[in-house]
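Trainee: Take a look at this one; I'll ask things after.
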Amino acid sequence: MEKNVAVWRAMRDDTYFGFAGRRKKRRSRLIAGILVELSLLLAVGVIFFYEQGQTAGRVVEATADGYIKWVDFNVSYEAMCKAYEYDIETYGTQNHLNWIELLAYVAAQRGGSFGVSAVEDIRTIAERILAGGTTMEEAAGDLKYYPYYLEAYSAVLGGFVGEYEIQETAGGAYVKKYGLKAFLPIAKGFPYSDYDDFGVSRSYGYQRQHLGHDMMGQVGTPIIAVESGTVEALGWNQYGGWRIGIRSFDRKRYYYYAHLRQNYPYQENLKVGDTVTAGEVIGYMGHTGYSTTENVNNIDQVHLHFGVQLIFDESQKEGNNEIWIDCYALTRFLYQNRSAVHKVEGTKEWKRDLDMREQTEESPVDGSGGCTGASESRERFPLQGSVTFSCWRACAASGRGSACGCAGSPA
Ligand SMILES: [Zn+2]
449 MEKNVAVWRA
459 MRDDTYFGFA
469 GRRKKRRSRL
479 IAGILVELSL
489 LLAVGVIFFY
499 EQGQTAGRVV
509 EATADGYIKW
519 VDFNVSYEAM
529 CKAYEYDIET
539 YGTQNHLNWI
549 ELLAYVAAQR
559 GGSFGVSAVE
569 DIRTIAERIL
579 AGGTTMEEAA
589 GDLKYYPYYL
599 EAYSAVLGGF
609 VGEYEIQETA
619 GGAYVKKYGL
629 KAFLPIAKGF
639 PYSDYDDFGV
649 SRSYGYQRQH
659 LGHDMMGQVG
669 TPIIAVESGT
679 VEALGWNQYG
689 GWRIGIRSFD
699 RKRYYYYAHL
709 RQNYPYQENL
719 KVGDTVTAGE
729 VIGYMGHTGY
739 STTENVNNID
749 QVHLHFGVQL
759 IFDESQKEGN
769 NEIWIDCYAL
779 TRFLYQNRSA
789 VHKVEGTKEW
799 KRDLDMREQT
809 EESPVDGSGG
819 CTGASESRER
829 FPLQGSVTFS
839 CWRACAASGR
849 GSACGCAGSP
859 A
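Shown next, in the form of structure tokens:
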């Protein structure tokens, strides 16, 4: 009886079978767990606000004098493909989705980083717009850095997608198309290998970073103009060897093709000031460079060095303020558009099989034109995403807000 009472008491008090001890332990574990979670949340919060602060700091610094000072182009290949798919699918419909706007929207949401969720984020905003739930202008209106990313990404991708005319057979008639009109820098059918080598260290001349993308192949591989533009530089440079520099018509991109073939580096007769069309053969792969003496093969591996520089202000063209972007994801994306070429018999030259024509409108907004230009350009080119950071700034300065014709109101 005594014993039974003790057991009953123990059961009542939960000390029997050690329940109370376990419950206490469980309770303290629960509290510890909650504390850990709270501190994790706090840490995430701190990191989030720190990152937001960093992003804000970078963007503010990046746009200090009215033009963009810095761009980290981190858009992933997968995100580019998804955004491009929506752009193509909706072309010619009421709700044409501009791929650059989709990418800028996702970047503005996430401070310019493109993780695995970026593709899903693009899908979410695109489907919301297509379902009539919102417009890009409305959705982006809440994102402070959307104008920055839109202008930055427009500078990178502005010449890639649009209307063009191309032959479907050699010498045949031109057919109107809409889509990717920029090409891979290596001609179709010529093998190459590459990896993301942007920013790795280089030591020729001085310790520096690799500001481009190397594509390894064979001597003589035809090099293709990625985008149409004007030849701005052609000749020897001690780093790049025989090289060609081509400026896009909107003057925002400078394409740099280097280490071209010894003795016969360029397409015949190509010279500074010439206009080239996207997909055209401009030169031939080699391994010249790393020498102050011209026409020297001083680079071990035969490759094309392909670089893309962004220019928002002419002061950024040469010197300490140059902006070179990582173009690995870009070249992966361009792989779907390779220019087919044929050998010109009896010469060392190759030529493209199918000619292309495109409208080469000058960029309608030059910053000084302010909002009126943007407004006009939106009417004339409603699909081009022509709202720029300069426009937003001009709007803000004029106090006219969204009346300027910029999307939404200035941040
Ligand atoms: Zn290189």
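Take any residue in the sequence shown, count from 1 to its spot, add 448: that is its number in this note's numbering. Note that CB positions come from ideal geometry on N, CA and C, so glycine has one too.
If we define contact as Cβ-Cβ less than 8 Å, is residue 713 a contact residue for chain D?
Mentor: This model lacks chain D altogether, as it is built from one protein chain only.
Trainee: Regarding residue 735 and ligand 1, is the C-beta to nearest heavy atom distance less than 7 Å?
Mentor: no
Trainee: Any heavy atom of ligand 1 closer than 7 Å to the Cβ of residue 660?
Mentor: Checking every heavy atom of ligand 1 against the Cβ of residue 660, one is found closer than 7 Å.
Trainee: Nearest to residue 710 by CA position, among 722, 667 and 673, is which residue?
Mentor: The candidate whose alpha carbon is nearest that of residue 710 is 667.
Trainee: Which of the three DSSP states is assigned to residue 608 in this structure?
Mentor: coil
Trainee: Please name the residue in 529, 539, 601 and 606 whose C-alpha comes closest to that of residue 571.
Mentor: 529
Trainee: Identify whether residue 670 lies in helix, strand or coil by the three-state DSSP scheme.
Mentor: strand
Trainee: Shorter than 7 Å, the distance from the beta carbon of residue 544 to the closest heavy atom of ligand 1, or not?
Mentor: no
Trainee: Between the alpha carbons of residue 753 and residue 527, how many angstroms are there, rounded?
Mentor: Taken atom to atom, the span from the alpha-carbon of residue 753 to that of residue 527 is near 25 Å.
Trainee: Straight-line CA distance for residue 637 to residue 789?
Mentor: Going from the Cα of residue 637 to the Cα of residue 789 covers about 9 Å.
Trainee: So residue 545 and residue 553 are supposed to be a Cβ contact under 8 Å. How far apart are they, rounded?
Mentor: That belief does not hold up - the Cβ atoms of residue 545 and residue 553 are roughly 10 Å apart, past 8 Å.
Trainee: Determine contact between the region 686-696 and the region 711-730, defined as no fewer than three beta-carbon pairs at a distance below 8 Å.
Mentor: yes
Trainee: For ligand 1, is there a heavy atom less than 7 Å away from the beta-carbon of residue 753?
Mentor: yes
Trainee: Who are the Cβ neighbours of residue 865 in its own chain at under 6 Å, not counting the five residues just before and after it?
Mentor: Given that the chain is displayed from residue 449 to residue 859, the structure contains no residue 865 and the question cannot be resolved.
Trainee: Under 8 Å, with one C-beta from each stretch per pair, do the region 762-776 and the region 736-746 reach the 3-pair mark?
Mentor: no
Trainee: Measuring CB to CB, does residue 631 end up less than 8 Å from residue 782?
Mentor: yes
Trainee: Under the assumption that residue 609 contacts residue 702 (Cβ atoms under 8 Å), give the Cβ distance between them as a whole number of angstroms.
Mentor: Incorrect: roughly 20 Å between the Cβ atoms, too far for contact.
Trainee: Please report the residue range of the alpha helix (DSSP H) in which residue 400 lies.
Mentor: With the chain covering 449 to 859 only, the question about residue 400 has no answer from this structure.
Trainee: Just mark residue 569 as buried or exposed, buried being the case when its beta carbon has 16 or more other beta carbons within 10 Å.
Mentor: buried
Trainee: Could you check where the beta strand (DSSP E) with residue 771 kicks off and where it finishes?
Mentor: 771-773
Trainee: Go through its chain and collect everything with a Cβ distance to residue 776's Cβ below 7 Å, but skip five positions before and after it.
Mentor: 644, 646 and 661
Trainee: Three or more C-beta pairs under 8 Å: does that hold for the region 795-809 against the region 616-635?
Mentor: The region 795-809, when compared against the region 616-635, does touch it at the 8 Å Cβ threshold.
Trainee: Quickly, what does DSSP pair residue 614 with across the bridge? List them, please.
Mentor: Looking at the DSSP output, residue 614 bridges to 623 and 804.
Trainee: Whose C-beta lies closer than 8 Å to the C-beta of residue 779 among residues of the same chain, with five residues either side of it excluded?
Mentor: 632, 633, 642, 661, 663 and 754
Trainee: Could you work out which residue in 580, 612 and 555 is closest to residue 543 when comparing CA atoms only?
Mentor: 580
Trainee: Compare the Cα-Cα distances from residue 774 to each of 733, 756, 698 and 784 and report the closest residue.
Mentor: 756
Trainee: Buried or exposed, going by whether 16 or more other CB atoms sit within 10 Å of the CB of residue 653?
Mentor: exposed
Trainee: Tell me which residues share the same chain as residue 470 and place their Cβ nearer than 7 Å to its Cβ, disregarding the 5 neighbours each side in the sequence.
Mentor: Bear in mind that a pLDDT of 47 at residue 470, under 50, signals an unreliable position, so the number given afterwards is only what the model happens to contain. The beta carbon of residue 470 sits closer than 7 Å to no other beta carbon from its chain once the five residues preceding and following it are set aside.
Trainee: What does DSSP give as the partner residue(s) for residue 798 in the beta ladder?
Mentor: 791
Trainee: Measuring only the C-alpha atoms, how far is residue 673 from residue 539?
Mentor: 26 Å
Trainee: Pull up the DSSP beta-bridge partners for residue 860, would you.
Mentor: Within the shown structure, residues of the chain are numbered from 449 to 859, placing residue 860 beyond reach of any answer.
Trainee: If residue 798 sits next to residue 635, beta carbons under 8 Å apart, how far is it from one beta carbon to the other, in whole angstroms?
Mentor: 7 Å
Trainee: Let me confirm a value: residue 649 is counted as buried when at least 16 other C-beta atoms fall within 10 Å, else exposed. Which label applies?
Mentor: So residue 649 counts as exposed.
Trainee: Consult DSSP for residue 754 and reduce its assignment to one of helix, strand or coil.
Mentor: DSSP places residue 754 in strand when its eight states are reduced to three.
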